[in-house]
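Novice:
What follows is the structure in structure tokens.
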């Protein structure tokens with residue numbers, strides 16, 4: 001089986017050191033290993049033109065308005081979709097993963113967003129993934145939750161996270177080599193990925209403090225109805241308090257009622273508040289009048305002629 005390692009950190013940096021420790025274990029277990037340094041790839045940012053989603057909603061194969069020769073997104077996604085396991089390592093920038101991962105994530109619809117459907121059609125099991133977070137300090141509160149979301153989105157919007165780890169307090173390049181516990185944990189992460197390859201159902205091996213049993217995040221969102229929810233999985237629940245302390249959450253259900261399920265897809269497409277699911281919006285098979293079209297065209301023309309953008313000076 002194939003395991004792909006992706007580093008979103010600096011070349012030969014701490015993210016790569018830990019990632020390659022995990023990959024060595026995968027290779028020793030007989031897996032075919034590939035390593036990608038994300039900064040070697042040129043990925044044009046999505047401009048929200050909806051060319052790909054319009055094709056998707058009409059039942060046509062998705063592709064980007066950009067030609068595939070314009071950047072490396074198609075090649076990168078081909079490597080991800082051909083893998084049975086994906087491990088992504090990234091440092092913390094302003095509490096969260098680097099923006100380059102978001103740039104990639106914003107383009108996945110153009111490549112066929114659902115890797116799982118493609119793999120199921122080929123008779124393969126779903127891809128599993130794991131994450132490695134690296135911090136110079138302990139200001140890393142959003143690193144793993146967001147990195148987990150980004151990674152599971154890249155393998156097809158299904159929570160197949162089998163492990164996660166974080167090492168902080170290593171600001172200088174190469175300092176990961178001075179952290180024997182971190183290196184050992186990276187090797188264990190590699191073992192855990194190998195243990196889950198090819199299984200129709202996965203087991204989570206992580207040891208991080210978590211609240212949500214689906215995405216294994218430690219974040220909660222407080223809602224107006226007095227309940228809490230996982231901001232990633234959109235499952236609601238009630239806080240459990242014992243002796244005046246929060247000890248957990250009683251969730252309404254598991255992945256079957258989350259946004260990562262058929263239930264979540266239906267809610268996103270058709271049922272959102274006030275009947276404004278994505279497929280009910282203009283441009284997604286929504287019937288609107290000539291007056292609506294006139295109003296929208298006038299708004300576009302107005303904004304086109306108001307406050308022209310300040311552009312950077314020409315280079316060279």
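Numbering (our numbering), first residue to last: 1 to 316.
The beta-carbon is built from N, C-alpha and C at its ideal position, and this holds for glycine as well.
None of the values given here were measured: they were computed from a predicted structure.
#1: Can you have a look at residue 302 and say buried or exposed, based on whether 16 or more other CB atoms are within 10 angstroms of its CB?
#2: Go ahead and label residue 21 buried or exposed: buried means 16 or more other beta carbons lie within 10 angstroms of its beta carbon, across all protein chains shown.
#3: Between which two residues does the beta strand (DSSP E) harbouring residue 35 extend?
#4: Leaving out five residues on either side along the sequence, give the residues of the same chain with a beta carbon under 6 Å from the beta carbon of residue 309.
#5: DSSP three-state label for residue 265, please.
#6: Am I right that residue 182 and residue 18 are in contact with their C-beta atoms under 8 Å? What's the rounded C-beta distance?
#7: So what's residue 44 in DSSP terms, helix, strand or just coil?
#8: Please report the distance separating the alpha-carbon of residue 223 from that of residue 93.
#9: Going by DSSP, which residues form a beta bridge with residue 250?
#10: Using 8 Å as the threshold, is the segment 2 to 9 in touch with the segment 53 to 72, meaning 3 or more CB pairs across them?
#11: Please list, in chain order, all residues of the same chain as residue 33 whose beta carbon is under 6 Å from its beta carbon, the five residues on each side excluded.
#12: Just verifying my parser: in three-state terms, what is the DSSP assignment at residue 131?
#13: Do the segment 82 to 92 and the segment 147 to 156 touch if we need at least three Cβ pairs shorter than 8 Å?
#14: Which two residues bound the contiguous beta strand (DSSP E) that contains residue 163?
#15: Since residue 231 and residue 242 should fall inside the 8 Å C-beta cutoff, what is the C-beta to C-beta distance between them, to a whole number of angstroms?
#16: In its own chain, which residues sit with a C-beta less than 6 Å from the C-beta of residue 168, not counting the 5 before and 5 after it?
#17: Out of curiosity, what's the CA-to-CA distance linking residue 251 and residue 16?
#18: Would you report the Cα separation of residue 198 and residue 31, rounded to the nearest angstrom?
#19: For residue 201, is the classification buried or exposed, using 16 other Cβ atoms within 10 angstroms of its Cβ as the cut-off for buried?
#20: Return the CA-CA distance between residue 204 and residue 315, expressed in angstroms with no decimal places.
#21: By how many angstroms is the C-alpha of residue 180 removed from the C-alpha of residue 105?
#22: How about residue 214 and residue 165: are their beta carbons less than 7 Å apart?
Specialist: This is what the structure gives:
#1: exposed
#2: buried
#3: 32 to 37
#4: none
#5: Residue 265 falls in the helix class under three-state DSSP.
#6: 6 Å
#7: It is coil, neither helix nor strand.
#8: So the two alpha carbons sit approximately 28 Å from each other.
#9: Paired residue(s): 238.
#10: Too few Cβ pairs lie closer than 8 Å, so no.
#11: 3, 23, 26, 27
#12: strand
#13: yes
#14: 161 to 168
#15: About 24 Å separates the two Cβ atoms, so there is no contact after all.
#16: Once the five neighbours on either side are set aside, the close Cβ partners of residue 168 are 135, 138, 140.
#17: 37 Å
#18: 12 Å
#19: With fewer than 16 other Cβ atoms within 10 Å, it is exposed.
#20: 50 Å
#21: 33 Å
#22: no
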